[in-house]
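Engineer: Let me give you the structure first, and then I'll get to my questions.
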Amino acid sequence: MYPFRNFWSADGDIREVLFALPSRERADALLLAFFEHVDPLYPIISQNIFRSRFEEFWTLPANERGDFNTTWVALQFIVFASGHLYVHDPTAGDFTSISETYLSCCYRALCLGSFLSEWSLGTIQVLILICNYFVTNNRTADCWTFSGILQKVVYGLELHRPPAAGTSVSEKHLRCALWQAFMLQDVSLSYFLELVPASCHHTIDVSLLDVSEHGENNLDSRLREMLSSERGDIDIAFLCSKTDIAYQRAVWQFSKFMQTNICLPSALGRPIAKDAAHKAGLLSDLQSIQDNLDPPFNMTDFGGQRGRLWRQAIMITSHYNFAFSMVHLAHNPATEVVADWRAALRSSHKVMSAFFSLVNYDRQYLTMWTPINTRAYTQTV
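When we follow the working numbering, the leftmost residue of the sequence shown carries the number 7, and every step to the right adds one.
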């Protein structure tokens, strides 16, 4: 089944897409909802640069907006579609119809920009957010199908390799952030569908995501790049957010562990634990990764927290304790490895506790976040 609503004329251009734009007041609300709820978990967009382009776009007369970059128009519409999932609209008869219309506009804008042959990092930003939209709406099959396109573009632009030496600081950071987001989506889908991960082949390393003043993303490099930029397309806050980068590094390491130790053997019909010593080693490795996460995600108590960091902490808690549950449940009759149900339940209980903390704060998360936050408990039961 085609995953997008199709109500476009054969010869329609970008102006046909722009006809579906919300009011400016509504657009501001959708933008705010996106950066509050979605961006913390997928920090792949420079908020300051996006808002600058957003203002530039909305100050144009309606008849001139059609000349705007189509990939950016697509990005704006997927931001609207994602944000609408978190905005209550009592006037809407069918709540999902509006967000689905924005999603269709997003994909139409991509097609008008020939995204299958003219690749860019902006294209990948849009594709990742489309896949996240599908997952949020429990459309896993649509996400898997569409992620095939994303995979080709990601590898085509060589995000799986370390950035070239002459690449700007901003582009290096964005490439690493996009690869991390792609790898997370890939291992999540691979696990659910029991398929081989598509992000196994890479030489890029988590160490490239760094805010250390001794690394390439240092103050001097950032200032030189900012001063040489004609459009001012350098967002220091985006490059230097220590909590966002710590979150991305934590998710990257989780994805790498899941990819190698859970998803790949499961997809190939092999046991996760070869023997008791191997299982103990996996648990030790995972515990070591979690214990050595960058601050503040090396803490376990986020009581009283709210906002961006709190959402990121809940996601990290969910991911890592899910991985612990899967290793605890690993069994191998051939080598007498048995599942540790009690330990698996303890790990899944931590996931559920974090989930209920989120739901108690905002009930709208109940529908959208239930599958990913209850998977550990479901597997254990």
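In this text, a Cβ means the ideal position worked out from N, Cα and C, and glycines have one as well.
Measure the C-alpha to C-alpha separation of Phe263 and Tyr367 and round it to an integer number of angstroms.
Structural biologist: The alpha-carbon atoms of Phe263 and Tyr367 are separated by roughly 31 Å.
Engineer: Check each candidate in Ala35, Cys112, Pro49, Thr77 and name the one with the smallest Cα separation from Asn12.
Structural biologist: Comparing Cα positions, the closest option is Cys112.
Engineer: Where does Val365 sit, in a helix, a strand or coil, going by DSSP?
Structural biologist: In the structure shown, Val365 sits in a helix (DSSP, three-state: H, G or I).
Engineer: Excluding sequence positions up to five away, which residues of its chain have a Cβ less than 6 Å from the Cβ of Val85?
Structural biologist: Within the same chain, Val85 has close Cβ partners Phe40.
Engineer: Please state the DSSP three-state secondary structure of Asn12.
Structural biologist: Asn12 falls in the coil class under three-state DSSP.
Engineer: Give, in chain order, every unbroken run of the alpha helix (DSSP H) that is at least 4 residues long and sits entirely within the region 25-56.
Structural biologist: List check, alpha helix (DSSP H) in window: 30-43.
Engineer: Could you spell out where the alpha helix (DSSP H) holding Gln265 opens and where it closes?
Structural biologist: Unbroken run through Gln265: none, as it is neither H nor E.
Engineer: Looking only at C-alpha atoms, which of Pro49, Leu38, Leu47, Pro46 sits nearest to Phe60?
Structural biologist: Comparing Cα-Cα distances from Phe60 to each of Pro49, Leu38, Leu47, Pro46, the minimum goes to Leu38.
Engineer: Three or more C-beta pairs under 8 Å: does that hold for the region 205-212 against the region 16-23?
Structural biologist: Too few Cβ pairs lie closer than 8 Å, so no.
Engineer: Please state if the CB of Arg317 and the CB of Pro46 are separated by a distance shorter than 8 Å.
Structural biologist: Yes, the Cβ-Cβ distance between Pro46 and Arg317 is below 8 Å.
Engineer: Bridge partners of Val343, per DSSP?
Structural biologist: Bridge partners of Val343: Asn338.
Engineer: With a threshold of 16 other CB atoms inside 10 Å of the CB of Lys285, please say whether the residue is buried or exposed.
Structural biologist: Answer is buried; the Cβ neighbour count reaches 16.
Engineer: With C-beta atoms as the reference, is Ser281 less than 8 Å away from Val333?
Structural biologist: Going by the sequence as given, residue 281 is Asp instead of Ser. No, they are not a contact pair.
Engineer: Since I believe Asp241 is in contact with Ser52 (beta carbons under 8 Å), could you give me their beta-carbon distance rounded to a whole number of angstroms?
Structural biologist: Confirmed, about 4 Å.
Engineer: On the CB-based measure, 16 or more other CB atoms within 10 Å of its CB, does Asp297 come out buried or exposed?
Structural biologist: Exposed is the call here.
Engineer: Grouping DSSP H, G and I as helix and E and B as strand, with all else coil, what is Tyr92?
Structural biologist: It is coil, neither helix nor strand.
Engineer: Got a sec? Which residues, its chain only, sit under 7 Å from Phe330 by beta carbon, not counting five neighbours each side?
Structural biologist: Answer for Phe330: Leu292, Ser353, listed in chain order.
Engineer: Where Val175 and Leu122 are concerned, what is the direct C-alpha to C-alpha distance, given to the nearest angstrom?
Structural biologist: Their Cα atoms are separated by approximately 27 Å.
Engineer: Put Lys280 into one of helix, strand or coil per three-state DSSP.
Structural biologist: Lys280 falls in the coil class under three-state DSSP.
Engineer: Could you spell out the range, first to last residue, of the alpha helix (DSSP H) harbouring Val175?
Structural biologist: Counting along the chain, the alpha helix (DSSP H) containing Val175 begins and ends at 175-199.
Engineer: With DSSP as the reference, label Asn327 as helix, strand or coil.
Structural biologist: Three-state result, Asn327: helix.
Engineer: Counting C-beta neighbours from all protein chains within 10 Å, is the total for Gly128 16 or more, i.e. buried, or is it exposed?
Structural biologist: So Gly128 ends up on the buried side.
Engineer: Please identify the residue among Phe260, Pro301, Phe188 whose C-alpha is closest to the C-alpha of Ile155.
Structural biologist: Checked all of Phe260, Pro301, Phe188; the closest Cα to Ile155 is Phe188.
Engineer: Just to confirm the assignment, what range does the alpha helix (DSSP H) spanning Leu165 have?
Structural biologist: Leu165 -> no alpha helix (DSSP H), and no H or E assigned at all.
Engineer: What residue range does the alpha helix (DSSP H) around Val132 cover?
Structural biologist: Its alpha helix (DSSP H) spans residues 127-142.
Engineer: From Arg57, Asn338, Ile320, Asp346, pick the residue whose C-alpha is nearest to that of Phe362; which is it?
Structural biologist: The residue with the shortest Cα to Cα distance from Phe362 is Ile320.
Engineer: Do you know whose CA, among Gly162, Asn138, Leu163, lies nearest Thr151's CA?
Structural biologist: For Thr151, the nearest C-alpha among the options comes from Asn138.
Engineer: Tell me whether Val79, by its Cβ, gets closer than 7 Å to a heavy atom of the ligand MN.
Structural biologist: For the structure depicted, the ligand MN is absent and the ligand set is empty, with no information on it obtainable.
Engineer: Should Trp258 go down as buried or exposed, given a rule of 16 or more other Cβ atoms within 10 Å for buried?
Structural biologist: Buried, since its Cβ has 16 or more Cβ neighbours within 10 Å.
Engineer: Just to confirm, is the Cβ distance from Thr146 to Leu195 under 8 Å?
Structural biologist: Result yes, Cβ atoms of Thr146 and Leu195 sit closer than 8 Å.
Engineer: If you drop the 5 nearest sequence neighbours on each side, which residues of the same chain put their C-beta closer than 6 Å to that of Pro301?
Structural biologist: Counting only Cβ-Cβ distances below 6 Å, and skipping sequence neighbours, we find nothing.
Engineer: Between which two residues does the alpha helix (DSSP H) carrying Leu245 extend?
Structural biologist: Here the alpha helix (DSSP H) through Leu245 covers 242-246.
Engineer: If you draw a straight line from the C-alpha of Arg32 to the C-alpha of Ser294, how long is it?
Structural biologist: Each residue's alpha carbon lies about 46 Å from the other.
Engineer: When the distance is taken between beta carbons, is Leu184 closer than 8 Å to Gln254?
Structural biologist: Contact: no.
Engineer: What is the C-beta distance between Gln265 and Pro168, in whole angstroms, given that I count them as a contact (C-beta under 8 Å)?
Structural biologist: Contact doesn't hold; Cβ gap of about 18 Å is too wide.
Engineer: When burial is assigned at 16 or more other CB atoms within 10 Å of the CB, is Leu274 buried or exposed?
Structural biologist: Classification of Leu274: exposed, given that the 10 Å Cβ count is below 16.
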